[in-house]
Every structure is written in C-alpha cells, then in structure tokens.
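Participant:
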Amino acid sequence: MPRTTAPTTPDGPPVPRTALVTGAGRGIGRELALGLARAGYAVGLVGRTRARLDEVADEVRATGAAVTVAAADLVDAAAVTDAVLRVEGALPGGIGLLVNNAGVIEENELPFAEDDVEDVWRVVETNVRGPLLVTHAVLPGMLARRGGRVLQINSGAGHRGLPTYTGYAVSKGALARFSTQLDHQYRDRGLRVLDLAPGVVATDMTAAMPVHATRTDWTSPAQVLELAVGFADGELDALAGRFVRAGADTVESLRAATPAILDTDARRLRLAVWGPDDPAA
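Numbering-wise (numbering that gives the first Met the number 0), the sequence shown opens with residue 0 and increments by one.
1. Just the Cα atoms here: how many angstroms apart are Gly189 and Gly147?
2. Could you work out which residue in Thr17, Ala247, Val210 and Leu132 is closest to Glu105 when comparing CA atoms only?
3. Can the beta-carbon of Asp262 be found closer than 8 Å to that of Arg191?
4. When the Cα atoms are used, what is the spatial distance from Trp120 to Gly166?
5. What's the C-alpha gap between Glu225 and Glu58?
6. Just to confirm the assignment, what range does the alpha helix (DSSP H) spanning Phe230 have?
7. Determine which residues share a DSSP beta bridge with Ala77 and list them.
8. Starting from Ile260, follow the alpha helix (DSSP H) in both directions and report where the run begins and ends.
9. Are the segment 258-275 and the segment 63-77 touching, with three or more C-beta to C-beta distances below 8 Å?
10. Which residues bound the beta strand (DSSP E) around Ala196?
11. Just to confirm, is the Cβ distance from Ala196 to Asn126 under 8 Å?
12. Helix, strand or coil for Ile94 per DSSP?
13. Can at least three beta-carbon pairs, one atom from the segment 91-108 and one from the segment 161-176, be found at a separation below 8 Å?
14. How long is the line joining the alpha carbons of Ala32 and Leu253, rounded to whole angstroms?
15. Using a Cβ-Cβ cut-off of 7 Å (strictly less than) and excluding sequence neighbours within five positions of Thr163, which residues of its own chain qualify?
16. Taking the Cβ atom as the reference point for each residue, do Leu150 and Leu90 lie within a distance shorter than 8 Å?
17. Please report how far the alpha carbon of Phe193 lies from the alpha carbon of Ala247, in whole angstroms.
18. How far does the alpha helix (DSSP H) with Gly166 in it reach, from first residue to last?
19. My assumption, with CB atoms under 8 Å, is that Ala136 sits in contact with Thr80. Please give the rounded CB distance.
20. Is the separation between the beta-carbon of Ala64 and that of Ala23 shorter than 8 Å?
21. Could you give the distance in angstroms between the alpha-carbon of Pro130 and the alpha-carbon of Gly39?
22. Under 7 Å Cβ to Cβ from Val123, same chain only, skipping five residues before and after it: list those, please.
23. Check Leu52 in the structure and name its three-state DSSP category.
24. To the nearest angstrom, report how far apart Val45 and Asp277 are at their CA atoms.
25. Which ranges would you report for the beta strand (DSSP E) in the segment 78-160 if only whole runs of at least 3 residues count?
26. By the three-class DSSP mapping on this structure, what secondary structure does Leu268 have?
27. Using the three-state DSSP reduction, which class does Gly246 fall into: helix, strand or coil?
28. Do Val223 and Ala245 have their C-beta atoms within less than 8 Å of each other?
29. Looking at Ala175: is its Cβ nearer than 8 Å to the Cβ of Leu270?
30. Taking the alpha-carbon positions, what's the Val66 to Val133 distance?
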C-alpha cells in the first residue's frame with residue numbers, strides 16, 4: 000500500500016503526502032505534477048487554463064494517483080483563496096507540499112532602459128504576487144498541522160545580474176527573499192522552504208527566448224524532479240531556507256555537502272560584508 004504521508008519535519012507530525020502545483024498545465028509544472036504523482040503523491044493542479052489542467056489531470060490519473068483541479072488567475076486574491084480551499088478540501092489530509100512554479104518572463108529580450116516598464120511590471124507582479132497569494136492561502140493549514148513544505152521554483156537570475164530580462168531577475172530575487180522570510184518566521188513551527196533553480200529546461204517559455212536559440216545543453220526534467228521529490232520526501236530538510244540547482248546538484252551531492260553548507264551558511268541570499276568589523280554586518 001502506498002504511503003499517505005511524507006516524513007515528518009523535525010519534532011512535528013507526518014506531513015500529508017499531497018502536493019499543490021501551480022502552473023501545472025504545461026512545462027516544468029506538468030513534469031513536476033506527473034513526477035510527484037508517480038512518487039505516490041496525491042496532486043492538486045492549479046493554473047489559469049482549465050483545459051490544460053484537465054489534460055494533465057488525465058495523465059496523473061493514468062499513474063494511479065488521486066488528482067484535483069482548480070483553475071485560477073494567480074494574481075487574483077479571491078480566485079486564489081477559492082482554488083486553495085478547494086484543493087485543501089479535496090486532498091487527503093490537506094496540502095503537505097506547495098510547489099510555487101507558475102511564472103512568466105518578458106516578451107522582449109532587452110536591457111531595462113529599452114524595455115516596456117509595464118511588461119517588466121507584469122512579470123514582477125505575476126512571479127511575486129502569485130507565490131505570495133498562494134502561500135498565504137496554504138500556510139494556515141500547514142501551520143495548524145505543525146508541518147509542511149514550500150518549494151519555490153527559482154532561477155540563477157535571482158542572485159546574479161543579467162544583461163536583459165530585468166523583471167524576471169527582480170522577481171526571482173524577491174522570491175528568494177520571500178523564502179528567507181518564511182524560513183525565519185516559521186521554521187520553528189514545522190515549515191520547510193527551499194528554492195530550486197531548474198536550470199534550463201526545454202519548455203515553451205525557453206523556446207521563445209532568443210538567448211537559448213542555439214542551446215544544445217538542456218537540464219532534463221528528471222534532474223529537476225529528483226530534487227523536488229527529494230525535498231518533498233524530507234531528504235533536504237537540513238537545507239531549508241537555501242538554494243539548490245538541478246543539473247548541478249543531486250540529492251546525494253547535497254547531502255554530502257550539507258555539513259560544509261551549514262558551517263559556512265552558504266546557499267542563502269544575503270549581503271556580503273568585508274569582514275567582522277564591517278558596520279553592515
């Protein structure tokens with residue numbers, strides 16, 4: 000019989016073996032939903048386009064996993080609250096894992112001064128407001144159960160400069176800061192948060208980006224899924240509040256590196272200082 004709970008967070012009860020995945024109708028979200036289903040998770044699919052979600056739901060059912068669908072515009076607070084309530088009620092035990100995957104990128108590959116600031120803001124709003132709203136709606140159930148996991152699909156753009164795609168970079172940096180806040184505020188209440196950069200996966204979004212037009216080296220969905228399932232299963236809880244990258248990290252390599260990561264407080268977004276006497280320290 001498949002397990003119905005994932006391993007508990009430290010000192011907490013078992014976490015329901017269930018997952019809500021945003022942006023689940025295509026791309027990385029679809030891959031994560033299907034992979035989690037194959038790993039024994041009941042899955043809630045949330046996104047804007049119902050027809051795409053229904054197609055993925057059929058694929059999930061074919062794995063034998065339970066699935067529920069809730070369409071919503073993720074920047075609409077009322078729609079998000081309604082969708083989360085429906086998923087929470089449909090998944091056995093509530094939502095154990097939230098995957099904040101839904102996101103967009105600018106229409107044009109331009110430096111900021113040449114870009115349309117309204118399009119830049121559209122990207123920031125979608126990629127930041129969406130996770131804020133969904134997480135805010137999911138958190139009460141997780142905190143009441145004294146345990147839960149939030150996986151933020153992030154990017155290397157969140158911690159290093161880019162020549163273009165300003166809104167995307169700003170939004171991913173903000174998402175990483177949000178993860179730091181969640182970890183600081185709720186770690187002692189059983190919440191575990193991880194930023195996962197999927198590398199460059201071949202999706203509709205990356206196909207439309209000129210920067211990837213000649214790319215031949217892609218991150219495979221399986222590499223992303225390994226880290227996502229590892230986190231969902233509790234294998235990466237020691238790295239909560241930090242950043243991992245598919246295609247460079249594996250569950251095994253991260254577990255081996257955990258002592259060094261914790262000793263140096265690495266893989267976390269923060270201000271670098273010049274030494275212990277730096278007044279900004």
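Built from N, CA and C at the ideal position, the CB exists for glycine as well.
Facilitator: On the basis of the data shown:
1. Locating residue 189 in the sequence shown gives position 190, where the first residue counts as 1. Locating residue 147 in the sequence shown gives position 148, where the first residue counts as 1. C-alpha separation (whole angstroms): 6 Å.
2. Reading the sequence shown from its first residue, position 106 is the one you call residue 105. The shortest C-alpha separation from Glu105 is found at Val210.
3. Indexing the sequence shown from 1 puts residue 262 at position 263. Indexing the sequence shown from 1 puts residue 191 at position 192. Not closer than 8 Å, so no.
4. Indexing the sequence shown from 1 puts residue 120 at position 121. Indexing the sequence shown from 1 puts residue 166 at position 167. The straight-line gap from Cα to Cα measures roughly 6 Å.
5. The count along the sequence shown starts at 1 and reaches residue 225 at position 226. The count along the sequence shown starts at 1 and reaches residue 58 at position 59. Those two C-alpha atoms are separated by around 19 Å.
6. Walking along the sequence shown from the start, residue 230 turns up at place 231. That run of the alpha helix (DSSP H) goes Pro220 to Ala231.
7. The residue given as residue 77 occupies position 78 in the sequence shown. Answer is none; Ala77 lacks a bridge partner.
8. Against the sequence shown, residue 260 aligns to sequence position 261. First-last of the alpha helix (DSSP H) with Ile260: Val250 to Asp262.
9. no
10. Walking along the sequence shown from the start, residue 196 turns up at place 197. It spans Leu190 to Ala196 - the beta strand (DSSP E) in which Ala196 sits, taken as one unbroken run.
11. For the purposes of this step, residue 196 is taken as the residue at position 197 of the sequence shown. For the purposes of this step, residue 126 is taken as the residue at position 127 of the sequence shown. Not a contact, by the Cβ cut-off of 8 Å.
12. In the sequence shown, residue 94 corresponds to position 95, counting from 1. DSSP places Ile94 in coil when its eight states are reduced to three.
13. yes
14. As a position in the sequence shown, residue 32 is number 33, starting the count at 1. As a position in the sequence shown, residue 253 is number 254, starting the count at 1. Looking at the two C-alpha atoms, the distance is approximately 23 Å.
15. Working through the sequence shown from its first residue, we reach residue 163 at position 164. So the list reads Glu108, Leu109 and Pro110, once near-sequence residues are dropped.
16. The residue labelled residue 150 in the question sits at position 151 within the sequence shown. The residue labelled residue 90 in the question sits at position 91 within the sequence shown. Contact: no.
17. Counting from one through the sequence shown, the residue named residue 193 turns up at place 194. Counting from one through the sequence shown, the residue named residue 247 turns up at place 248. Sequence check: residue 193 is Leu here, not Phe. Straight through space, the alpha carbons of Ala247 and Leu193 are spaced by roughly 16 Å.
18. For the purposes of this step, residue 166 is taken as the residue at position 167 of the sequence shown. Element bounds for Gly166: Thr165 to Tyr185.
19. As a position in the sequence shown, residue 136 is number 137, starting the count at 1. As a position in the sequence shown, residue 80 is number 81, starting the count at 1. The pair is a contact, with the Cβ atoms about 5 Å apart (cut-off 8 Å).
20. Here residue 64 is taken as the residue at index 65 of the sequence shown, counted from 1. Here residue 23 is taken as the residue at index 24 of the sequence shown, counted from 1. Cβ distance not < 8 Å, so Ala64 and Ala23 don't count as in contact.
21. Here residue 130 refers to the residue found at position 131 of the sequence shown. Here residue 39 refers to the residue found at position 40 of the sequence shown. Roughly 25 Å between the two C-alpha positions.
22. To locate residue 123, count along the sequence shown from 1; it is residue 124. For Val123, same chain residues with a beta-carbon under 7 Å away, outside a window of 5 residues either side, are Gly166, Val169 and Ser170 in chain order.
23. Along the sequence shown, one-based indexing puts residue 52 at 53. The answer is helix: DSSP assigns Leu52 an H, G or I state.
24. Stepping through the sequence shown from its first residue, residue 45 is reached at position 46. Stepping through the sequence shown from its first residue, residue 277 is reached at position 278. Taking the straight line from one Cα to the other gives about 46 Å.
25. Along the length of the segment 78-160, whole beta strand (DSSP E) runs at least 3 residues long occupy 96-99 and 147-152, reported in chain order.
26. Taking the first residue of the sequence shown as 1, we reach residue 268 at position 269. Leu268 falls in the coil class under three-state DSSP.
27. Translated into the one-based positions of the sequence shown, residue 246 becomes position 247. Here Gly246 sits in coil by DSSP.
28. Counted from its first residue, the sequence shown places residue 223 at position 224. Counted from its first residue, the sequence shown places residue 245 at position 246. Yes.
29. Taking the first residue of the sequence shown as 1, we reach residue 175 at position 176. Taking the first residue of the sequence shown as 1, we reach residue 270 at position 271. Not a contact, by the Cβ cut-off of 8 Å.
30. If you number the sequence shown from 1, residue 66 lands on position 67. If you number the sequence shown from 1, residue 133 lands on position 134. For the pair Val66 and Val133, the Cα-to-Cα distance works out to about 18 Å.
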